[in-house]
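Undergrad: Read top to bottom, the protein sequences are chains A and B. If you use the numbering used here, the first sequence corresponds to residues -4 to 333, in order. If you use the numbering used here, the second sequence corresponds to residues 16 to 805, in order. Would you mind keeping the following structure in view while I ask a few things?
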Amino acid sequence: MITIGEIKNKFDAEVCDCQTTEQAQDIKVRYLGKSGELTALLKGIKDLSPEERPSFGAKVNELRNYIESALQSKLAEMKELEMQRRLQQEKVDVSLTDVRPWGALHPVTLVENEICRLMTAMGFEVLSGPEIETDYYNFQALNIPYDHPARDMQDTFYITDGILLRTHTSPMQARLMEKKKPPIKMLCPGKVFRSDSDASHSPVFHQIEALVVDENVTLCDLKGTLEYLASKLFGKSTKVRFRPSFFPFTEPSVEVDLSCSNCGGNGCSLCKGTGWIEVLGAGMVNPFVLENCGIDSSKYNGYAFGMGLERIAMIKYGIPDIRLFYENDARFIKQFGK
Amino acid sequence: MKLPLSWIRDYVDITEDIETLCKKMVDIGLEIEEVVYLGEHVTNVKVCQIKEISQHPNAERLLCCKVDIGTEILPIVTNDHNVKVGDKVPVALHNADLANGLHITKGKMRGEESYGMFCGAEELGINSDMYPNADKDGVLILNADAQVGQDIRQEVGIDDYVLDVNVTANRQDCNSVLGLAREVAVALGKDCKQPDISYSETGNATNDLVTVNVEASDICKGYFMQGLTDVKIGQSPLWLTSRLAKVGLRGINNLVDITNYVLFEIGQPMHAFDCDDIADKTIVVRRACNGEKIVPLDGKEYVLNSDDLVIADKLRAVGLAGIMGGANSEIKESTACVLFESASFARMNVRRTSRRLGLRSDSSARFEKGIETYTNNLGLSRALHLAEQLGCGKVTRGRISVGEVAGDRTITLPTERIKSLLGIVIPDDRIVAILKSLNIGATIADGTLSCTVPPYRDDITRDCDIVEELIRVYGYDNIKGTLLEGSHVTCGGKTTESDNCDKIREMLCGLRYNECILYPFGGKELFAKASSAPIDESQYIRLLNPIGEEVSLMNRELAPAMLQCAALNMSRNNGDIRMFEIGKAYLADSLPLTALPREQLRLSMCATGTDFDAFRQDVLQVTRYFIRDKLKLIRSASPILHPGISAEILSGEENLGYFGRIHPKVASNFDIGTDCMYAELYLDKLMRDRSEIKFRPFAKYPSISRDFAFLCDEDVAAQDILNEFDALSLAENCCLFDVYRGEQLGENKKSLAVSVVFRDKNRTLQDSDVEKQISKALKNIQAKYGATLR
Chain A
-4 MITIGEIKNK
6 FDAEVCDCQT
16 TEQAQDIKVR
26 YLGKSGELTA
36 LLKGIKDLSP
46 EERPSFGAKV
56 NELRNYIESA
66 LQSKLAEMKE
76 LEMQRRLQQE
86 KVDVSLTDVR
96 PWGALHPVTL
106 VENEICRLMT
116 AMGFEVLSGP
126 EIETDYYNFQ
136 ALNIPYDHPA
146 RDMQDTFYIT
156 DGILLRTHTS
166 PMQARLMEKK
176 KPPIKMLCPG
186 KVFRSDSDAS
196 HSPVFHQIEA
206 LVVDENVTLC
216 DLKGTLEYLA
226 SKLFGKSTKV
236 RFRPSFFPFT
246 EPSVEVDLSC
256 SNCGGNGCSL
266 CKGTGWIEVL
276 GAGMVNPFVL
286 ENCGIDSSKY
296 NGYAFGMGLE
306 RIAMIKYGIP
316 DIRLFYENDA
326 RFIKQFGK
Chain B
16 MKLPLSWIRD
26 YVDITEDIET
36 LCKKMVDIGL
46 EIEEVVYLGE
56 HVTNVKVCQI
66 KEISQHPNAE
76 RLLCCKVDIG
86 TEILPIVTND
96 HNVKVGDKVP
106 VALHNADLAN
116 GLHITKGKMR
126 GEESYGMFCG
136 AEELGINSDM
146 YPNADKDGVL
156 ILNADAQVGQ
166 DIRQEVGIDD
176 YVLDVNVTAN
186 RQDCNSVLGL
196 AREVAVALGK
206 DCKQPDISYS
216 ETGNATNDLV
226 TVNVEASDIC
236 KGYFMQGLTD
246 VKIGQSPLWL
256 TSRLAKVGLR
266 GINNLVDITN
276 YVLFEIGQPM
286 HAFDCDDIAD
296 KTIVVRRACN
306 GEKIVPLDGK
316 EYVLNSDDLV
326 IADKLRAVGL
336 AGIMGGANSE
346 IKESTACVLF
356 ESASFARMNV
366 RRTSRRLGLR
376 SDSSARFEKG
386 IETYTNNLGL
396 SRALHLAEQL
406 GCGKVTRGRI
416 SVGEVAGDRT
426 ITLPTERIKS
436 LLGIVIPDDR
446 IVAILKSLNI
456 GATIADGTLS
466 CTVPPYRDDI
476 TRDCDIVEEL
486 IRVYGYDNIK
496 GTLLEGSHVT
506 CGGKTTESDN
516 CDKIREMLCG
526 LRYNECILYP
536 FGGKELFAKA
546 SSAPIDESQY
556 IRLLNPIGEE
566 VSLMNRELAP
576 AMLQCAALNM
586 SRNNGDIRMF
596 EIGKAYLADS
606 LPLTALPREQ
616 LRLSMCATGT
626 DFDAFRQDVL
636 QVTRYFIRDK
646 LKLIRSASPI
656 LHPGISAEIL
666 SGEENLGYFG
676 RIHPKVASNF
686 DIGTDCMYAE
696 LYLDKLMRDR
706 SEIKFRPFAK
716 YPSISRDFAF
726 LCDEDVAAQD
736 ILNEFDALSL
746 AENCCLFDVY
756 RGEQLGENKK
766 SLAVSVVFRD
776 KNRTLQDSDV
786 EKQISKALKN
796 IQAKYGATLR
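Okay, here's the thing in structure tokens:
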């Protein structure tokens, strides 16, 4: 009869040779199964004397525990090995980097959002006004009466005698000031219309209007605001220059130049060698406009500026032709996406 | 405004180079559009004197000359046989450039050496208004006093700059040499001379020649007249015509040239009447009669109405006020007595008439910007001075003056106002000095600045105007940036509408749509292309003055522009299209407009390479941000879309928009594939319903799921079947997970596979609970839609 010791030795040898989880399962069945070695061994217990039986039983149990624990660790070892083997085989090509891009926002939206983001943080509220506007708000309320030569500054699309496509976002100045009393900090982005079209003009373009009316607002504040905006939009070293100009609704009025972000002010083709790029018109709100809207011009001052968003985008992104903005070629727009 | 540098030097002693001058002009607000050096294209051309002429040995038509260019004697071959020994002529030397684009090099002509070429007037870019005999062909024979060896540009007067100054609309006074000279003097810190307006009155009394009656004094603030007797019509001297040439005018005769000269120099448009053509010696300034006709100097006939102002005699109009004189009273060879008119016509009136008639002139351009009565008299006096100087005739005695002559204006303001506007302090002595340089009298006492503004500065009317004058001269570089330190704190932010638009943009970017910005207007042709049904043009808001028919109507739908954009991208092979736009539809309650129309915010989406179901998911993704409750989709009747593959989105009774495949006719109109999907949503209606997020506890009891397959007619709407399950009190969720069509189902039949989840929030469901509800739904489904379980 085979002894406990022999079984153990045989088991140890088989476990040692075992290579797969299937083999380990086989071993388990052969030793611990219903017709396995241990069952056979236990069957021999009836041949023993009652005195020998307890110690034999204990030894068999000891062997069973030994086998179970050895097989458990063998199985774990096998599983680990097999996983390692599988991991060696399971492979993908990780080299491809292309990705279906997000949709892109139009560059005018990008610039508009950036300016709004910067200025809402300074306390500006963003409003929008009608694109089809009355002559009153577009001109008269802004100190541009009928037949004033300043009307020639903007070629206007008319719908009727008194209704037109707004030529600038400035009508919102008057619309807001009629309703709201200072302090006012407003931004108004939107489409504006001028009846000319060539390489540098589109009959539709976008402006953003800024208006501040409050006590103690000065031309220095206008410059400071623009310096902040310019530094955020075009880089820290961007300088702001005022040149005298004329707009009927501001006095004093200035044209605002920024130092050329392309050449850093040394002169290049973008700035036509001057080192400066004209970006917007601005000024201190003409007291006529304040008074016309029922605001006490002896107590309140204001500043206003209006800039072309396409112009800003053209400088910021190096876009050469304003017509690209309205052509909407996907190859153009996708460049501004993520 | 064209400004010859030589002309302005009459008034200001300019020693600065042209770059410095321009920069300083820009600094005080004179924008310079262009600087033209008249001699730019004429280089290395000198005055020479011909010393010898001999026949060319090898060519009959050529002459060999020896010329003195001051430093040496050079051989020049010419084909001009008019030249004589001793003549001074222009010679283009080696590597010379000429105004007509010629480049000259030395070389041999038929074996004889020639160091250059003699030039004619055309090659120098001049005409007879600028140099004597410059209208003749061939080599230009120079004046005898020309200096041998001198640069030809100096001799013929093209060593000069013409600045094109962009004068702002408020500075009518700067549309003249004198006005700009005043500014240049300020810019350079120099004095500006006064124009010479001296003359002696030796002719008849003006009153004996004419009577002036201004009837329309509301639109003619001032009318001044004085003239010449014993008139001698002739040519003007070259110094005068050459100046006119530099601003683009040809010389006509001495009197007309004088009026043009005064217009440019003083900024006063003038007119010269032939006194003998004025019937009854009476000038009347009146409104025209309706239908009255006039033939101005351009020779065309214009029909006037009572808004127009005319200068008339007893019988007829002799001039269109401020715009053009009448042909019936113009200056002729035979004119013996001349009346100069110098007046202030209302700018709005001139502007209107000029626009209505389509008749513009240098005069009307200036009157439209406004002319002060002060300038009327200055201009008239200057014209009389020039007439006397040029020997045109005897100045008549006395001036007819109708209307007030504008005087100085007084403006006072606290000096504190300067600081409150500018944010900086300008020292008092600088304030006074700056204003003085602008001819504005200024005194400061007890913190009050008192200013006396000359009449020609009609743009300066109140305190802020004075402040602007100060800072533009003091220098904007003195303004130092501050960030609203003295003002109130305000709450910034976007409107809800604007925030929502940002949200939509983000969502659609996430769904890989690209944003477009399209024209908000289009034309009938485009709009018709985007519809399978005829369009009603009268519904659209029309521009009175579009730049073209194709951009004359305001959009009522975003589709036409979007489909046009899709077509462009397809024609350029840009791959599958995924585009959107947030734009507006301009909807009039009635036309023509009497009030502002509704501007409805809309979203358009366009995609190719997708199908209806996938596109519906994209569209509903957007609506879901605003409306979480059930929407209803029904067949759309939009003429843009395929009638069978398109839907209208309803929320209750409200129509939120439509989407689907574009109509095959529309697809073919735009030449875009028929698989193009399009959606248009009415954002104003959509945004109205943004529901607030509110937490709801979720059920802790287990659910029961059941799947069903229905056999039904092709026309049955799956949503109707889902709705029957949705209506069950225990149904938590249901969805369509498969649609199957096949021969064994029969023609026009389909199988809909539906999955339903049941749950009770208070207890664990039993199958029996669910079965009861299911049988109710199945009964309804069969009864209403004829759909049976497979």
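Quick reminder that beta carbons are idealized off the backbone N, C-alpha and C, glycines included.
List the residues of chain A whose Cβ lies closer than 7 Å to the Cβ of E383 (chain B), in chain order.
TA: Counting from one through the second sequence, the residue named residue 383 (chain B) turns up at place 368. P144, listed in chain order.
Undergrad: By a C-beta neighbour count over all protein chains shown, 10 Å radius and 16 as the cutoff for buried, is K236 (chain B) buried or exposed?
TA: Here residue 236 (chain B) corresponds to residue number 221 of the second sequence, with the count starting at 1. It is buried - the Cβ of K236 (chain B) has at least 16 other Cβ atoms within 10 Å.
Undergrad: Any residues in the segment 603 to 618 of chain B with a beta carbon nearer than 7 Å to a beta carbon of chain A? Which ones, in chain order?
TA: Under the 7 Å Cβ criterion, the segment 603 to 618 of chain B contributes P607, L608, L611, P612, E614.
Undergrad: Which whole-angstrom value is the C-beta distance of L253 (chain A) and I272 (chain A), which I expect to be below 8 Å?
TA: Residue 253 (chain A) sits at position 258 when you count from the first residue of the first sequence. Residue 272 (chain A) sits at position 277 when you count from the first residue of the first sequence. Right, the Cβ-Cβ distance comes to about 5 Å (below 8 Å), so this counts as a contact.
Undergrad: By the DSSP assignment, the alpha helix (DSSP H) with R617 (chain B) in it spans what residues?
TA: Within the second sequence, residue 617 (chain B) is the residue found at index 602, counting from 1. Run containing R617 (chain B): none in the alpha helix (DSSP H); it sits in the beta strand (DSSP E), 613 to 622.
Undergrad: Taking all protein chains shown into account, decide if P607 (chain B) is buried (16 or more other Cβ within 10 angstroms of its Cβ) or exposed.
TA: For this step, residue 607 (chain B) is matched to residue 592 along the second sequence. Looking at its Cβ environment, which holds fewer than 16 other Cβ atoms inside 10 Å, P607 (chain B) is exposed.
Undergrad: Who are the neighbours of D480 (chain B) on chain A, taking C-beta pairs under 7 Å?
TA: The count along the second sequence starts at 1 and reaches residue 480 (chain B) at position 465. The contacting residues are E246.
Undergrad: What would DSSP say about Q64 (chain B), mapped onto helix, strand or coil?
TA: Numbered from 1 along the second sequence, position 49 holds the residue referred to as residue 64 (chain B). Reduced to three states, the DSSP call for Q64 (chain B) is strand.
Undergrad: Out of B:L203, B:N222, B:P712, B:A610, state which residue places its alpha-carbon closest to the alpha-carbon of V27 (chain B).
TA: Position 12 of the second sequence, counting from 1, holds the residue named residue 27 (chain B). For the residues B:L203, B:N222, B:P712, B:A610, the minimum Cα distance to V27 (chain B) belongs to B:L203.
Undergrad: Excluding the 5 residues flanking L86 (chain A) on each side, which residues of the same chain have their C-beta closer than 6 Å to its C-beta?
TA: Against the first sequence, residue 86 (chain A) aligns to sequence position 91. This sequence places Lys at residue 86 (chain A); Leu is not what is there. Excluding residues within five positions, none has a Cβ falling inside 6 Å.
Undergrad: Please report whether the beta-carbon of T104 (chain A) lies at a distance below 8 Å from any beta-carbon of chain B.
TA: Position 109 of the first sequence, counted from the start, is the residue given in the question as residue 104 (chain A). Output row for T104 (chain A): interface = yes.
Undergrad: In chain order, which continuous runs of the beta strand (DSSP E) of length 3 or greater are located wholly inside the segment 36 to 62 of chain B?
TA: You should have 46 to 52.
Undergrad: For P184 (chain A), write down the residues that DSSP places opposite it in a beta bridge.
TA: Within the first sequence, residue 184 (chain A) is the residue found at index 189, counting from 1. Per DSSP, A:I203.
Undergrad: Going by beta carbon distance, what residues of the same chain come within less than 8 Å of E280 (chain B), once the five residues before and after it are set aside?
TA: In the second sequence, counting from the first residue as 1, residue 280 (chain B) sits at position 265. W22, S191, V192, L193, P210, R397.
Undergrad: In whole angstroms, what is the alpha-carbon distance linking S321 (chain B) and K544 (chain B)?
TA: Along the second sequence, read from residue 1 onward, the residue named residue 321 (chain B) stands at position 306. Along the second sequence, read from residue 1 onward, the residue named residue 544 (chain B) stands at position 529. S321 (chain B) and K544 (chain B): Cα-Cα distance of roughly 47 Å.
Undergrad: To the nearest whole angstrom, what separates the beta carbons of L646 (chain B) and S666 (chain B), a pair I think is in contact under 8 Å?
TA: As a working mapping, residue 646 (chain B) is identified with position 631 in the second sequence. As a working mapping, residue 666 (chain B) is identified with position 651 in the second sequence. With a Cβ gap of about 6 Å, L646 (chain B) and S666 (chain B) count as contacting.
Undergrad: Verify whether the separation of the beta carbon atoms of V163 (chain B) and D83 (chain B) is less than 8 Å.
TA: Taking the first residue of the second sequence as 1, we reach residue 163 (chain B) at position 148. Taking the first residue of the second sequence as 1, we reach residue 83 (chain B) at position 68. Yes. Within cutoff.
Undergrad: I'd like to check one pair, V154 (chain B) with G408 (chain B): are the Cβ atoms closer than 8 Å?
TA: Locating residue 408 (chain B) in the second sequence gives position 393, where the first residue counts as 1. Locating residue 154 (chain B) in the second sequence gives position 139, where the first residue counts as 1. Not a contact, by the Cβ cut-off of 8 Å.
Undergrad: When you compare the segment 175 to 192 of chain B with the segment 463 to 474 of chain B, are there three or more beta-carbon pairs, one atom per stretch, that lie closer than 8 Å?
TA: Contact holds: three or more Cβ-Cβ distances are below 8 Å.
Undergrad: Considering only DSSP beta bridges, list what T411 (chain B) is partnered with.
TA: Within the second sequence, the letter at position 396 stands for residue 411 (chain B). Answer by DSSP bridge pairing: none, since T411 (chain B) is not bridged.
Undergrad: Whole angstroms are fine: how far does the CA of A581 (chain B) sit from the CA of N142 (chain B)?
TA: Position 127 of the second sequence, counted from the start, is the residue given in the question as residue 142 (chain B). Position 566 of the second sequence, counted from the start, is the residue given in the question as residue 581 (chain B). Looking at the two C-alpha atoms, the distance is approximately 57 Å.
Undergrad: Grab the span of the alpha helix (DSSP H) containing T463 (chain B) for me, first residue to last.
TA: By one-based count along the second sequence, residue 463 (chain B) stands at place 448. Where T463 (chain B) is concerned, there is no enclosing alpha helix (DSSP H), although the beta strand (DSSP E) it sits in stretches over 463 to 468.
Undergrad: If we require 3 or more residues per run, which beta strand (DSSP E) segments fall completely within the segment 323 to 347 of chain B?
TA: Counting whole runs of 3 or more residues, the segment 323 to 347 of chain B contains the beta strand (DSSP E) stretches 324 to 327, 332 to 335.
Undergrad: What residues are listed by DSSP as bridge partners for S213 (chain B)?
TA: In the second sequence, the residue the question calls residue 213 (chain B) occupies position 198. Answer is none; S213 (chain B) lacks a bridge partner.
Undergrad: Assuming T213 (chain A) contacts N296 (chain A) (C-beta within less than 8 Å), just tell me the rounded distance between them.
TA: Locating residue 213 (chain A) in the first sequence gives position 218, where the first residue counts as 1. Locating residue 296 (chain A) in the first sequence gives position 301, where the first residue counts as 1. Contact holds; Cβ gap of about 7 Å.
Undergrad: Taking DSSP as the reference, what is the three-state secondary structure of T427 (chain B)?
TA: For this step, residue 427 (chain B) is matched to residue 412 along the second sequence. T427 (chain B): strand per DSSP, three-state reduction.
Undergrad: From V199 (chain B) to V180 (chain B), what distance separates their C-alpha atoms?
TA: The residue labelled residue 199 (chain B) in the question sits at position 184 within the second sequence. The residue labelled residue 180 (chain B) in the question sits at position 165 within the second sequence. Looking at the two C-alpha atoms, the distance is approximately 12 Å.
Undergrad: Kindly list, in the order they appear in chain A, the residues whose Cβ is closer than 7 Å to that of I454 (chain B).
TA: Position 439 of the second sequence holds residue 454 (chain B). Here the sequence assigns Asn to residue 454 (chain B), which means Ile is not the residue at that position. The premise fails here: N454 (chain B) is roughly 18 Å from chain A at the closest Cβ pair, so nothing lies under 7 Å.
Undergrad: Compare the C-beta of K509 (chain B) with all C-beta atoms of chain A and state if any pair is closer than 8 Å.
TA: In the second sequence, residue 509 (chain B) corresponds to position 494, counting from 1. K509 (chain B) counts as touching chain A.
Undergrad: Counting Cβ pairs, one atom from each stretch, are 3 or more of them under 8 Å apart for the segment 248 to 257 of chain B and the segment 435 to 446 of chain B?
TA: These segments do not touch.
Undergrad: Whether or not the segment 543 to 557 of chain B and the segment 725 to 733 of chain B are in contact is what I'm after, with contact meaning three or more pairs of Cβ atoms, one per stretch, closer than 8 Å; do they touch?
TA: Touching, no, given that fewer than three Cβ pairs across the two stretches are closer than 8 Å.
Undergrad: Are the Cβ atoms of I154 (chain A) and I556 (chain B) separated by less than 8 Å?
TA: Numbered from its first residue, the first sequence carries residue 154 (chain A) at position 159. Numbered from its first residue, the second sequence carries residue 556 (chain B) at position 541. Contact: yes.
Undergrad: Terminal residues of the continuous beta strand (DSSP E) containing N670 (chain B)?
TA: Position 655 of the second sequence, counted from the start, is the residue given in the question as residue 670 (chain B). Where N670 (chain B) is concerned, the enclosing beta strand (DSSP E) stretches over 669 to 677.
Undergrad: Give the residues from the segment 423 to 439 of chain B that approach chain A closer than 7 Å (Cβ to any Cβ), ordered along the chain.
TA: Per Cβ criterion, the list reads S435, L436, L437, G438, I439.
Undergrad: Quick check on the DSSP output: the alpha helix (DSSP H) that includes L108 (chain B) runs from which residue to which?
TA: Taking the second sequence and counting its residues from 1, the one referred to as residue 108 (chain B) is at position 93. Premise fails: L108 (chain B) lies in the beta strand (DSSP E), 103 to 112, not in any alpha helix (DSSP H).
Undergrad: Please classify P717 (chain B) as buried or exposed, where buried requires at least 16 other C-beta atoms within 10 Å of its C-beta.
TA: Residue mapping note: residue 717 (chain B) aligns to position 702 of the second sequence, counting from 1. Under this definition P717 (chain B) is an exposed residue.
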